[in-house]
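Participant:
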Amino acid sequence: MTEHVTDDLEPYALGALSAEDAERIAAHLAACPACREDARSLAEVVGTLPDTVPSRAPRDVLRDRILAAARGDVPAGARPAAAWRLRFGRVHAWPIAIAGLASVAVLLAVIDIDASRRLAQATAERDKWAAIADSVSEGGRWWYMAGKDELDGAGGTLIVPRAEGHGPFVLFHDLPKLSGRLLTVWLVSSDNTWVRAATFRPNGQGLQAVDVTVPVAGFDRCAVTLETAWTGPHTGTVVMESRIAPPPAN
């Protein structure tokens, strides 16, 4: 009776066998219709895996781990007799192995995507601070606001860069997270008109830059208040404030 090669079909379909073993399996498939049928079905399942995970090529370490999962890394001599797995109500071992392979592939892809996402976030954060440094490299005007009451120890600097293409912003430091509340930046005119320039939720990190959407020119003060709404008039407690000095005369 011809001995079937079911145990070697998974790595054969994945291209994980040596050239000598691959030739041996190919020769067996040419003479064994049963194994050839299994190999054909297995190839169809493996062919769907690129659609299961992102289309980019995985790193080598991911591919090695996937192939190791497919092989099981169990020495051939330690495996039980394969006869019971070959034919028993048309149930084979390889569909289970491929299902496990697909699960491992998806899991590794998720891990890799998460790492890529964290890298992208870190890169974006670095680029943001590089842009801020560039915006103030040509000078400009700025006013510091010290935090008080709930924001004691925190602070913010209103910066109006001189560099072309950069708008005003406030660079905050040591802001705590505020459950259910927001911070609003106001520009206040000489007649005590309060104009909302930005509303945001503190991220609890060391530094946080917030763009000011209103030109600073013509206002006398900048203030920050605790608010509960993203829009509407000034109603909250002032927790930071500074006078805005007019630009020097030319």
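Following the working numbering, the numbering of the sequence shown begins with 4 at its first residue and continues without gaps. Cβ atoms here follow ideal geometry from the backbone N, Cα and C, with glycine treated the same way.
Under 8 Å, do residue 214 and residue 201 count as touching if we go by C-beta distance?
Facilitator: As a working note, residue 214 is residue 211 in the sequence shown. As a working note, residue 201 is residue 198 in the sequence shown. Their beta carbons are under 8 Å apart, which means residue 214 touches residue 201 by this criterion.
Participant: Keeping to the same chain, check which residues put their C-beta closer than 7 Å to that of residue 31; ignore five residues upstream and five downstream.
Facilitator: Stepping through the sequence shown from its first residue, residue 31 is reached at position 28. Same-chain partners within the cutoff: 8 and 38.
Participant: Residue 159 and residue 175 - do their beta-carbons sit closer together than 8 Å?
Facilitator: Residue mapping note: residue 175 aligns to position 172 of the sequence shown, counting from 1. Residue mapping note: residue 159 aligns to position 156 of the sequence shown, counting from 1. Cβ distance < 8 Å, so residue 175 and residue 159 count as in contact.
Participant: So, residue 221 versus residue 229, is the Cβ gap smaller than 8 Å?
Facilitator: Position 218 of the sequence shown, counted from the first residue, corresponds to residue 221. Position 226 of the sequence shown, counted from the first residue, corresponds to residue 229. Not in contact: residue 221 and residue 229 (Cβ atoms no closer than 8 Å).
Participant: If residue 144 and residue 191 are in contact, beta carbons under 8 Å, what's the gap, nearest whole angstrom?
Facilitator: Here residue 144 refers to the residue found at position 141 of the sequence shown. Here residue 191 refers to the residue found at position 188 of the sequence shown. About 17 Å separates the two Cβ atoms, so there is no contact after all.
Participant: Between 186, 27 and 153, which has its C-alpha nearest residue 211's C-alpha?
Facilitator: Locating residue 211 in the sequence shown gives position 208, counting from the first residue. With distances taken between Cα atoms, residue 211 lies closest to 186.
Participant: Can you tell me whether residue 56 is buried or exposed? The criterion is at least 16 other CB atoms within 10 Å of its CB, across all chains shown.
Facilitator: Taking the sequence shown and counting its residues from 1, one reaches residue 56 at position 53. Because residue 56 sits at a pLDDT of 43, beneath the cut-off of 50, its placement in the model cannot be relied upon, and the following sentence gives the value as read from the coordinates. By the 10 Å Cβ count, residue 56 comes out buried.
Participant: Taking the alpha-carbon of residue 206 as reference, which of 182, 197, 194 and 19 has the nearest alpha-carbon?
Facilitator: Against the sequence shown, residue 206 aligns to sequence position 203. The residue with the shortest Cα to Cα distance from residue 206 is 182.
Participant: Do you know offhand how far residue 26's Cα is from residue 208's?
Facilitator: Translated into the one-based positions of the sequence shown, residue 26 becomes position 23. Translated into the one-based positions of the sequence shown, residue 208 becomes position 205. Taking the straight line from one Cα to the other gives about 60 Å.
Participant: In whole angstroms, give me the CA-to-CA distance for residue 217 and residue 178.
Facilitator: Mapped onto the sequence shown, residue 217 falls at position 214. Mapped onto the sequence shown, residue 178 falls at position 175. Using only the alpha carbons, I get a separation of about 22 Å.
Participant: Distance, Cα to Cα, residue 231 vs residue 13?
Facilitator: Sequence index remark: in the sequence shown, residue 231 carries index 228 (1-based). Sequence index remark: in the sequence shown, residue 13 carries index 10 (1-based). Each residue's Cα considered, the two are about 60 Å apart.
Participant: Alpha carbon to alpha carbon, how far is residue 243 from residue 235? Give it in angstroms, no decimals.
Facilitator: Sequence index remark: in the sequence shown, residue 235 carries index 232 (1-based). Sequence index remark: in the sequence shown, residue 243 carries index 240 (1-based). Using only the alpha carbons, I get a separation of about 19 Å.
Participant: Among 23, 146 and 46, which residue has its Cα nearest to the Cα of residue 248?
Facilitator: Along the sequence shown, read from residue 1 onward, the residue named residue 248 stands at position 245. The residue with the shortest Cα to Cα distance from residue 248 is 146.
Participant: Measuring CA to CA, which of 246, 194 and 164 is closest to residue 149?
Facilitator: Start at 1 with the first residue of the sequence shown, and residue 149 comes out as number 146. Of the listed residues, the one whose Cα sits closest to residue 149 is 246.
Participant: In angstroms, rounded to a whole number, what distance separates the CA positions of residue 23 and residue 15?
Facilitator: Counting from 1 along the sequence shown, the entry for residue 23 is found at position 20. Counting from 1 along the sequence shown, the entry for residue 15 is found at position 12. Approximately 11 Å, taken between the alpha carbons.
Participant: Residue range of the beta strand (DSSP E) that residue 178 falls in?
Facilitator: Numbered from its first residue, the sequence shown carries residue 178 at position 175. Per DSSP, residue 178 belongs to no beta strand (DSSP E) and is neither H nor E.
Participant: Figure out for me which residue from 203, 237 and 233 has the closest Cα to the Cα of residue 196.
Facilitator: The residue given as residue 196 occupies position 193 in the sequence shown. Selected option, being the one with the closest Cα: 237.
Participant: Within 10 angstroms of its Cβ, does residue 78 collect 16 or more other Cβ (buried), or is it exposed?
Facilitator: Within the sequence shown, residue 78 is the residue found at index 75, counting from 1. Residue confidence is low: residue 78 scores 44 on pLDDT, short of 50, so the model does not pin down where it sits. No coordinate-derived value is stated.
Participant: My assumption, with CB atoms under 8 Å, is that residue 204 sits in contact with residue 189. Please give the rounded CB distance.
Facilitator: Along the sequence shown, read from residue 1 onward, the residue named residue 204 stands at position 201. Along the sequence shown, read from residue 1 onward, the residue named residue 189 stands at position 186. In fact, because the Cβ distance is near 17 Å, the residues do not count as touching under 8 Å.
Participant: For residue 233, tell me which candidate among 241, 184 and 193 has the shortest Cα-Cα distance.
Facilitator: Locating residue 233 in the sequence shown gives position 230, counting from the first residue. Measuring from the Cα of residue 233, the nearest candidate turns out to be 184.
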